[in-house]
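Enquirer: Provided herewith is a single structure, encoded as structure tokens, for subsequent inquiry.
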Amino acid sequence: MTIQINKALLGREYPPYAVTVERGKIKEFARALGDDDPLYLDDRVGAASAWGDVIAPPTFSITFRDEAADTAAFLKELGTDISRILHGEQEFEIFRPLQPGQTYLCRAKIVEIYEKTGRSGPMAFVVRETTIADGSNEIVATMRGVTVVRL
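FYI, our numbering numbers position 36 of the sequence shown as 30, with every residue one higher than the one before it.
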């Protein structure tokens, strides 16, 4: 059974959401990655660094979640269900490291929808981009994630 992806979602912007970075979560994330860089784990090393505190690993923003645009709602909007999708890729562009105690504003948008045919048949690729801005609205990072849908 072939399905159609709702291409009208191209350009859709989701409501902004705030995330406050917790020191313990940075350390927990670094440990889960097996990354023992003292810039992520040691408060004294962080305080002596150019950043003046520990920093988050570059991929830490993957933990940022938007309850309003959760996976079930996103899939329903697309016109599919979880049995037809997989995570295609994730890309991070870091302009400045994320730091504990800071609140960041995240803005997600669907920036591209395209189709290709692979060995297993037709697929749609949905690219969501999330910008992460600090308290002065300066963008500190951007994440791009690709959801692959079997059509």
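Positions of the beta carbon are idealized from the N, C-alpha and C atoms, including for glycine.
Could you tell me which residues DSSP pairs with residue 92 in its beta bridges?
Expert: Looking at the DSSP assignment, residue 92 forms no beta bridge with any residue, so it has no partner.
Enquirer: Check whether the Cβ of residue 72 lies closer than 6 Å to any heavy atom of the ligand SAM, and answer yes or no.
Expert: No copy of the ligand SAM appears in this structure; indeed no ligand is present at all.
Enquirer: For residue 99 and residue 81, I'd like the C-alpha separation in whole angstroms.
Expert: About 24 Å.
Enquirer: Out of 143, 130, 95 and 102, which one is the CA nearest neighbour of residue 112?
Expert: Comparing Cα positions, the closest option is 143.
Enquirer: Can you give the beta carbon distance from residue 34 to residue 24, rounded, assuming they're within the 8 Å contact cut?
Expert: Confirmed, about 4 Å.
Enquirer: Which residues mark the beginning and the end of the alpha helix (DSSP H) in which residue 17 is found?
Expert: Start and end: 17 to 27.
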